Structures are given as C-alpha cells and as structure tokens.
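And the structure:
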C-alpha cells in the first residue's frame, strides 16, 4: 500500500536517522522490492529493518515504518504522559507492582469501545525494560493517530490469535478463497514483473539509498557475539 504524501514525507525525514538504506530484488520474484536499513540502539549495537512490496515506495514505507515503530518503543527523548493516581489500574497491575519501586511510574491509557480510561506501568510500553509479562500487544506506525491505532490493534489481534493457535488453545482455520486468490495474484505479479519496472521511487532524495551497507560507526561498546 502506498503511503499518503504526508506520510511519505515524514518517513523520508525519519529515514535520515538510518544507515545503508538499500533495495534488493529476490531472484524468484524480481518484481518484488525489499528495502533494508540499519539503525543503532542507545548502546551502539546494530538493529536491522526490512520491508517488502511490489514497488520501491511500498517497500520503503514498510521498512522505515518498522524502524519508526521500534524507535517509538525504545526512545527516551520524550517522557510518556504520567497517569493521575485517581485513574484505575488496568488488570490489577497496582497489585503486581506494589512491592517493586522500579515499576512505580505509571502512564495514562485511553479507553476504547466504552472501556474507561485507566493507567498501567510504563515498562509495559517501553522496550528494554526488565518487565516481561506474557501479554498480547501491538505497535504500528501510521500517517495519523487513527491509522497507527488501527494498525496496532490489528497486530494485537494477530499476535493473540497466533499465540492461541501455537499453544493449542484454538484450531487454525483455512484461509478464505478471496485471501488465497489475493495472495496468488501478488505472487504472480512479483514473479512476472522486472526489477526495472519499479525503479522510479518518489522517496529517493535526500535519503542515502540503494548502496551497499557502509561499515558500522565506531562505538565504545561492541555488540556481543550471538549466543550458541
């Protein structure tokens, strides 16, 4: 899906924070574009992002949107809105963290579908925090808050359904005929198109794109080797 012009401009500006943005075309699906980018966490470790589409625009939006989602969960520049003590705690989190001052910072939550507003521990929404609870959650970037919220809700439903299937709580159902047909149409187009057909991209400048990845920037802390 092509992003609206305002979204493309915002993603293009955000892409200036990324390194080595490049595009490749799968040998078995030359009409598909995969855009990849390299970012850094606060410790200087490499973080990779990727997106796929039938055009460079689509792949660019997907890749940089993924980077924006990751950044939103890891950023520390702007504090989350603190919740008023009068707001009710969601799912009895006040009891779960009553004895842990580390998780004492609470953030305000907007209720949806008639659910009242509430509050929950900040560490539920910020990556890298020590808190790890088996919760379903979703995160998405969008051209406006409503679009981002819709994407986040879809991801939440997707992850919850996948977990229910993986744990044996729910049996998987076959995809409907329309979904299968749409998937086949996508594959057919990706396999029949040529890479040159998708080379025009309105998001090219001023982003550094379609080059080999540069050497990592020197940092005081090197990424640890992968565990065996």
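In my numbering, the protein residues as written are 263 to 490.
Cβ coordinates follow ideal geometry from the N, Cα and C atoms, glycine included.
Every value quoted in this text rests on a predicted model; they were computed, and no experiment measured them.
For residue 407, the three-state secondary structure derived from DSSP is helix.
Assignment of residue 280 by DSSP, reduced to helix, strand and coil, places it in the coil class. Our two residues, residue 293 and residue 439, have alpha carbons roughly 24 angstroms apart in a direct line. Non-local C-beta neighbours of residue 427 in its own chain, meaning closer than 7 angstroms and more than five positions away in sequence, comprise 434, ordered along the chain. Rounded to whole angstroms, the gap between the alpha carbons of residue 422 and residue 279 is 32 angstroms. Take the alpha-carbon of residue 382 and the one of residue 328: they are about 25 angstroms apart.
In the DSSP assignment, residue 295 forms a beta bridge with 315. In this structure, residue 324 keeps its C-beta atom at 9 angstroms or more from the C-beta atom of residue 286. Rounded to whole angstroms, the Cβ separation of residue 401 and residue 335 is 6 angstroms, and the two are in contact under 8 angstroms.
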